[in-house]
Structure formats: C-alpha cells, structure tokens
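In our numbering, the protein residues as written are 265 to 429.
For every residue, glycine included, the Cβ atom is placed at its ideal position computed from N, Cα and C.
Because the structure is a prediction, the values reported are computed rather than measured.
In what follows, a structure is listed as structure tokens, so that the remarks can point back to it.
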Amino acid sequence: MKIREAETFDADKLANLIQRVDESAQYMLWEAGERDIQPENQMSMIESFKKASNSAIFVAESDYELVGYLIAIGGNAKRNQHSAYLVIGVLEGFRRMGVGTKLFEKLETWAGVKNISRLELSVVTKNESALSLYKKAGFEIEGIKRNALFINNEMVDEYYMAKLL
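Right, dumping it as structure tokens:
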C-alpha cells in the first residue's frame with residue numbers, strides 16, 4: 265500500500281474512485297449518481313491544490329489501483345489558514361484494512377510541514393466505523409449539527425469533529 269499526494273496523471277483514476285466510493289458508502293454527502301465527476305474537474309482540483317499552501321489530495325494506491333483518498337481543503341482567509349477541512353473515502357473492499365489510518369498519518373506529516381494546526385471534519389452520528397477511525401486518529405467531537413442530512417427517508421445528525429496538532 266502506497267500513500268502519496270495525488271498527481272495530475274491520477275485524474276481519471278481519482279474520478280473513478282470517488283464515483284465508486286459514492287456508490288458504496290451509505291453516509292457520504294453525495295448519493296450514487298447524484299454528481300457527474302469528470303476527470304477534467306479532478307485534474308483542475310489537483311492542479312489548484314498543488315498551488316495552494318494549505319490544501320492537498322492524498323491517495324492510497326494498491327497494485328496501481330487507487331483505493332482511497334483524503335482531501336484536505338485549507339482555509340482561504342487569514343484567520344483560518346491554519347485549518348483544513350477533510351473529506352475521506354475508501355473503497356468498500358479496502359475498508360477496515362488500515363487504509364484510512366495510513367491516509368491520516370500522511371496527512372499529519374504534511375500538516376506539520378505546512379503549519380496546519382487544526383484538522384476538522386463532519387460525520388453522520390450513526391457512522392460507527394468512521395467514528396471509530398476518527399477517534400483512533402485523535403479527533404474529538406466538538407458539537408452536533410442536528411438534522412444535517414436526509415438519508416433513507418430520515419433526518420440524521422452529524423458530529424463536528426476536530427484534531428488540534
């Protein structure tokens with residue numbers, strides 16, 4: 265398993281990975297087929313994140329296949345440039361195999377170099393496997409966003425979680 269920053273040549277594979285994660289993950293924001301993820305858009309995002317000092321996309325690669333991603337979106341105001349909002353996804357067949365943990369480890373190394381001192385994310389309160397991963401990585405619950413999403417005909421809450429570095 266190799267964890268690295270995404271490169272522009274990953275655009276096709278990253279678009280495919282995000283679509284596959286959307287199709288298999290019950291608690292992602294976007295439902296399967298709800299958005300049209302194009303390789304050109306992924307390439308533009310990779311290029312713009314590479315230029316930013318506080319944003320990055322990390323990928324997990326196994327046998328030349330992308331199996332996970334972690335997107336760190338840095339704050340764009342002076343007052344929040346020290347923070348990054350995170351989005352993570354791992355292919356169904358690779359979950360609970362340490363991929364998420366390795367992505368977070370790579371993220372923290374990068375954050376130390378980039379002077380990022382706050383990592384934050386949100387997670388559906390019912391998503392116990394993600395909650396377990398985030399707590400294991402040192403994230404703490406800071407609050408609850410009530411009725412944040414409508415999933416399977418019911419309103420669900422999200423936790424706001426953060427880790428201070």
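(1) Under 6 Å Cβ to Cβ from phenylalanine 368, same chain only, skipping five residues before and after it: list those, please.
(2) Let me confirm a value: valine 377 is counted as buried when at least 16 other C-beta atoms fall within 10 Å, else exposed. Which label applies?
(3) Taking just the CA atoms, how far does lysine 277 sit from lysine 390?
(4) If I follow the unbroken beta strand (DSSP E) through arginine 410, where does it start and stop?
(5) Straight-line CA distance for alanine 296 to serine 308?
(6) When you compare the CB positions of serine 347 and arginine 382, do they come within less than 8 Å of one another, or not?
(7) In terms of residues, what are the limits of the alpha helix (DSSP H) holding glycine 357?
(8) Within 10 Å of its beta-carbon, does serine 312 have 16 or more other beta-carbons around it, so buried, or fewer, so exposed?
(9) Report all residues from its chain with a CB closer than 6 Å to the CB of isoleucine 405; omit the five preceding and five following residues, and keep chain order.
(10) Considering Cα atoms alone, identify which of Val420, Leu428 and Val331 is closest to glutamine 283.
According to the structure data:
(1) Ala401
(2) By the neighbour-count definition (other C-beta atoms within 10 Å, threshold 16), valine 377 is an exposed residue.
(3) Just so you know, the alpha carbons of lysine 390 and lysine 277 end up roughly 29 Å apart.
(4) 404 to 415
(5) 22 Å
(6) For the pair serine 347 and arginine 382, the CB atoms are nearer than the 8 Å cut-off.
(7) Element bounds for glycine 357: n/a, residue is neither H nor E.
(8) So serine 312 counts as exposed.
(9) Tyr423 and Met425
(10) Val331
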